[in-house]
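If you count the sequence shown from 1, position 45 lands on 45 in UniProt numbering, and the numbers rise without skipping.
Glycine residues also receive a C-beta, built at the ideal position from the N, C-alpha and C atoms.
Remember, predicted model here, so these are calculated numbers, not experimental data.
Contents: one structure, followed by commentary.
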Amino acid sequence: MVGRIFPTVAESRREKLFRPKAERIFKYFKEKKFHPAKICDVGSGYGIFLEEILRFFTGSEVFGIEPSLEMAEISRNKKIDTLNTTAENSAEWSNKFDLVISSEVIEHVFSTSRFISSVFNLWILSSNWIRV
């Protein structure tokens with residue numbers, strides 16, 4: 001079902017939601033003189049937001065964590081390294097990312113505290129940045 005609905009609104013969401021959000025994040029970190037080498041989107045869906053992130057954060061590597069196999073496969077087909085699991089089960093990517101982003105996800109998780117803790121564990125502690 002998801003595969004039939006989302007493609008009809010994908011470009012609209014890219015232009016009206018994902019691109020402006022990626023630009024705001026880029027401007028914020030540019031002002032702070034921080035350019036992350038590795039960026040992870042938790043709940044990355046089809047990878048559209050990560051495609052937009054790459055437009056601004058040139059030279060960065062992007063990664064996704066997505067529990068839906070269908071969405072993870074589509075993201076992988078876009079050459080985005082995507083782990084098909086939840087944040088809570090993503091320990092193999094612990095302490096790997098300079099920047100971890102997650103939006104439109106927390107309302108879907110069972111335990112918000114466990115989710116936030118899991119997202120925090122993905123972040124490289126030495127990067128000194130956290131933005132909620």
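Residue i in three-state terms, based on DSSP
i: V119; result: helix
i: M1; result: At M1 the pLDDT is 45, less than 50, meaning the model places this residue with poor confidence and gives no usable figure here.
i: F58; result: Looking at the sequence shown, residue 58 is not Phe but Thr. Coil, per DSSP.
i: F34; result: coil
i: residue 133; result: The question about residue 133 has no answer, for the chain in this structure spans 1 to 132.
i: F18; result: helix
i: I39; result: strand
i: I124; result: coil
i: F110; result: coil
i: V132; result: Residue confidence for V132 is low, a pLDDT of 45 falling below 50, so the modelled location carries little weight; the figure read from the coordinates is stated next. Note: V132 maps to coil in three-state DSSP.
C-beta atoms of residue i and residue j nearer than 8 Å
i: F115; j: E88; result: yes
i: I39; j: L83; result: no
i: D81; j: F63; result: yes
i: S60; j: S90; result: no
i: I53; j: A22; result: yes
i: I124; j: K96; result: yes
i: K78; j: E51; result: yes
Residue interval of the beta strand (DSSP E) (run including residue i)
i: L83; result: 81–83
Span of the alpha helix (DSSP H) around residue i
i: L99; result: Looking at the DSSP string, L99 is not in any alpha helix (DSSP H); the run it does join, the beta strand (DSSP E), is 99–101.
i: I74; result: 69–77
Expected contact under 8 Å - CB spacing of residue i and residue j to nearest Å
i: S103; j: N121; result: Contact flag wrong, Cβ pair sits at about 18 Å.
Sufficient close CB pairs (3 or more, under 8 Å) joining the region 62–74 to the region 43–53: The region 62–74 is in contact with the region 43–53.
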